[in-house]
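Protein sequence lines correspond, in order, to chains A and B.
My numbering puts the first sequence at residues 1 to 229.
My numbering puts the second sequence at residues 1001 to 1229.
Here a beta-carbon is modelled for each residue, glycine too, at the ideal position from N, C-alpha and C.
Remember, predicted model here, so these are calculated numbers, not experimental data.
Working notes, beginning with the structure itself.
Number of protein chains: 2
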Amino acid sequence: MSQVTQDPAASGSTGAYPATDRTVPTRSRERASWDRELVHSILDESYMCHLGFVRDGAPVVLPTLYGRVGERLYVHGSTGSRPLRGAGADEGLPVCLTVTLVDGLVLARSAFHHSVNYRSVVVHGTAHQVTDPDERALALDAIVEHVVPGRADDSRRANARELAATAVIRLDLEEVSAKARTGGPGDEPEDVALPYWSGVLPVRHSYGDPVPADDLDPAIAVPGYLGKR
Amino acid sequence: MSQVTQDPAASGSTGAYPATDRTVPTRSRERASWDRELVHSILDESYMCHLGFVRDGAPVVLPTLYGRVGERLYVHGSTGSRPLRGAGADEGLPVCLTVTLVDGLVLARSAFHHSVNYRSVVVHGTAHQVTDPDERALALDAIVEHVVPGRADDSRRANARELAATAVIRLDLEEVSAKARTGGPGDEPEDVALPYWSGVLPVRHSYGDPVPADDLDPAIAVPGYLGKR
């Protein structure tokens, strides 16, 4: 049998992102990774990112939802918002998109070795406005599905007026790194005998019971995709 | 009895932050607030911020812990880290520090009106390295206490070698705004009869049972300040 050998880089879904000056950290380098699967898993577990851009020479960081389709991230917003307008220029908008999951608080005997167990992804690149109607529709579905899987088909999709008021920007996953810390505290050997509790306080993210809208028809049950979360 | 009338702005702890070009949003202006108490309550409930700065003309956003002492925020890190080094220059480092708490996912009948209940604070300003030893000690305690109240006195404080390896930067709360969304979905009247569930999925942040370090003396009990969280 013949076999086609895939180039991992060309496949876009295996292997690692290239390390660049911007994606090799100056500190805690042992926590850094460029592994695509790890990057995708962190991006897919969260739905809230912090998007940074430069306005009048100064940094601006805003929280926003995002979706992922393969090697592309999508962010949406009002056509009037400043970063989305900025991404509409031909040259696009240089951005840094960061996603952080906190898994635990690490309490060492020494204040110095206190830390956080976390997983984060930092994406550097240039965001561009998406103008193709099919890609815009795909992106908007991806954002809804990213936050609540199963919801896109169980809601009314945007109409022409709403689409006209919505800007979508795209950021390709090219210059990307993950960073993660796991495990217990890293105390100095001479501190282990100190009389302080030491360990990890796990951080939990969960959902409460769905709260129906005041005007919801009581005959409409909570959908299964909410119960499973 | 005589009474001293305080100037709210001068007291630094009451009233509102001044609205500036950078702290008046272009969209969802009704969600914005400059109220000090609201800003402080959001900053005190979280402990993880996203710090944005500009490097070689491009934005960088990194997650980091912070502490608050009155109208000052403190961030610490390795003396080798790039933003902390940048803040050591005489002119300081222009930053944007953003804190976001997610309270719920808002599911409207229309995809367009899907939203998130959240509270966020955005601080614009210039970060400066703290060199005064007393202020550095105060800041490091504040960061530990911010993450786990009660922990600073129940751990070994930094020694001279650790202090020499730690940079602390300060960001004054001067140009600050909060933004918050609460409540149920805001569907269009013509969408209310659509057959889709609508409401809010509350997001919960909690802690699991503390996990002791492998080398912890079993005689050391879990401290009360962890049990109360």
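Measure the C-alpha to C-alpha separation of residue i and residue j and round it to an integer number of angstroms.
i	j	result
Ala1213 (chain B)	His1113 (chain B)	46 Å
Glu1091 (chain B)	Leu1171 (chain B)	13 Å
Tyr1118 (chain B)	Arg1031 (chain B)	10 Å
Leu1043 (chain B)	Asn159 (chain A)	38 Å
Leu1073 (chain B)	Gly15 (chain A)	40 Å
Arg1037 (chain B)	Asp134 (chain A)	For the sequence presented, residue 1037 (chain B) should be read as Glu rather than Arg. Each residue's alpha carbon lies about 45 Å from the other.
Tyr1207 (chain B)	Leu201 (chain A)	7 Å
Asp7 (chain A)	Arg1029 (chain B)	With a pLDDT of 41 at Asp7 (chain A), under the threshold of 50, the modelled position of this residue cannot be trusted; read the value that follows with caution. Approximately 49 Å between the Cα atoms of the pair.
His124 (chain A)	Ala139 (chain A)	19 Å
Gly70 (chain A)	Ala1178 (chain B)	34 Å
Val1102 (chain B)	Glu188 (chain A)	36 Å
Cys1096 (chain B)	Pro1149 (chain B)	26 Å
Thr1026 (chain B)	Asp1132 (chain B)	39 Å
His40 (chain A)	Val1054 (chain B)	26 Å
Val1061 (chain B)	Gly67 (chain A)	19 Å
Leu51 (chain A)	Pro195 (chain A)	42 Å
Ala1009 (chain B)	Leu1173 (chain B)	At Ala1009 (chain B), the pLDDT of 44 sits below 50, so the modelled position is not reliable and the matter cannot be decided from this model.
Val130 (chain A)	Asp1217 (chain B)	58 Å
Gly1184 (chain B)	Asp215 (chain A)	10 Å
Glu1162 (chain B)	His205 (chain A)	33 Å
Val1024 (chain B)	Ala1180 (chain B)	14 Å
Asp107 (chain A)	Ser115 (chain A)	According to the sequence displayed, residue 107 (chain A) carries Leu and not Asp. Leu107 (chain A) and Ser115 (chain A): Cα-Cα distance of roughly 7 Å.
Please work out which residues of its chain come closer than 6 Å, Cβ to Cβ, to residue i, disregarding the five sequence neighbours upstream and downstream, and give them in chain order.
i	result
Ala1137 (chain B)	none
Met1001 (chain B)	Only weak support is given to the placement of Met1001 (chain B): the predicted model assigns it a pLDDT of 37, under 50, and the question is left unresolved by the model.
Ala164 (chain A)	none
Tyr1017 (chain B)	Trp1034, Val1176
Gly1186 (chain B)	His1113
For residue i versus residue j, is the C-beta spacing smaller than 7 Å?
i	j	result
Ala219 (chain A)	Gly77 (chain A)	no
Trp1197 (chain B)	Pro223 (chain A)	yes
Gly57 (chain A)	Pro1210 (chain B)	no
Pro1059 (chain B)	Pro59 (chain A)	yes
Thr126 (chain A)	Pro94 (chain A)	yes
Less than 8 Å between C-beta atoms, sequence neighbours within five positions excluded: which residues of the same chain meet that for residue i?
i	result
Arg1085 (chain B)	Thr1079, Ala1167
Leu65 (chain A)	Tyr47, Met48, Cys49, Val75, His76, Ile143, His146, Val147
Ser1081 (chain B)	Ala1167
Tyr225 (chain A)	Val148, Pro149, Gly150, Arg151, Asp154
Taking DSSP as the reference, what is the three-state secondary structure of residue i?
i	result
Tyr225 (chain A)	helix
Val39 (chain A)	helix
Glu175 (chain A)	strand
Leu140 (chain A)	helix
Glu93 (chain A)	In the sequence as presented, Glu is not what sits at residue 93 (chain A); that position holds Leu. In this structure, Leu93 (chain A) counts as strand in the three-state DSSP scheme.
Arg161 (chain A)	helix
Val211 (chain A)	strand
Val4 (chain A)	Bear in mind that a pLDDT of 39 at Val4 (chain A), under 50, signals an unreliable position, so the number given afterwards is only what the model happens to contain. Of the three classes helix, strand and coil, the one that applies to Val4 (chain A) here is coil, per DSSP.
Val1200 (chain B)	strand
Leu1216 (chain B)	coil
His114 (chain A)	coil
Asp1191 (chain B)	helix
Asp1132 (chain B)	coil
Gly1070 (chain B)	coil
Ala1016 (chain B)	strand
Give every residue of the same chain whose Cβ lies closer than 7 Å to the Cβ of residue i, excluding the five residues on either side of it in the sequence, and list them in chain order.
i	result
Val99 (chain A)	Ile42, Leu43, Ser46, Cys49, Ser120, Val121
Asp191 (chain A)	Arg109, Ser110
Asp1153 (chain B)	none
Thr20 (chain A)	Glu175
His128 (chain A)	Ala87, Gly92, Ile169, Arg170
Thr1182 (chain B)	Asn1117
Val1203 (chain B)	Val1102, Asp1103, Gly1104, Leu1105
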